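In the working numbering, the protein residues as written are 1 to 73.
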């Protein structure tokens, strides 16, 4: 019974970490990076903010893959 309780707690921890916490951190980091960065075209910043706000996890992943190419140095 105690072992079942401990394994259930570990499953909850893994669930919270990978399903809730990591995507939230990724989303916040993407938004901060977008807002602090300069883009070649000013509309790209607005588009990326909208994409990340409307599709939090997928938008953040897409931003880190494709958004860096659109930023100025």
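The C-beta atom is built at its ideal place from N, Cα and C for all residues, glycine as well. What you are looking at is a predicted structure, and each value in this text was computed from that prediction instead of being measured.
Please check the pair residue i and residue j, which I expect to be a contact at CB under 8 Å, by giving their CB distance rounded to whole angstroms.
i	j	result
residue 72	residue 39	7 Å
residue 66	residue 30	Not a contact, Cβ separation roughly 12 Å.
residue 57	residue 23	5 Å
When we look at the beta-carbon of residue i and count the other beta-carbons within 10 Å, is it buried (16 or more) or exposed?
i	result
residue 46	exposed
residue 34	buried
residue 3	Caution is warranted here: a pLDDT of 49 is assigned to residue 3, below 50, making its placement in the model unreliable, and the coordinate value is therefore given only provisionally. The residue is exposed, with fewer than 16 neighbouring Cβ atoms inside 10 Å.
Tell me the DSSP bridge mates of residue i?
i	result
residue 71	39
Measuring only the C-alpha atoms, how far is residue i from residue j?
i	j	result
residue 59	residue 28	11 Å
residue 52	residue 21	16 Å
residue 69	residue 9	42 Å
residue 12	residue 43	41 Å
residue 62	residue 55	10 Å
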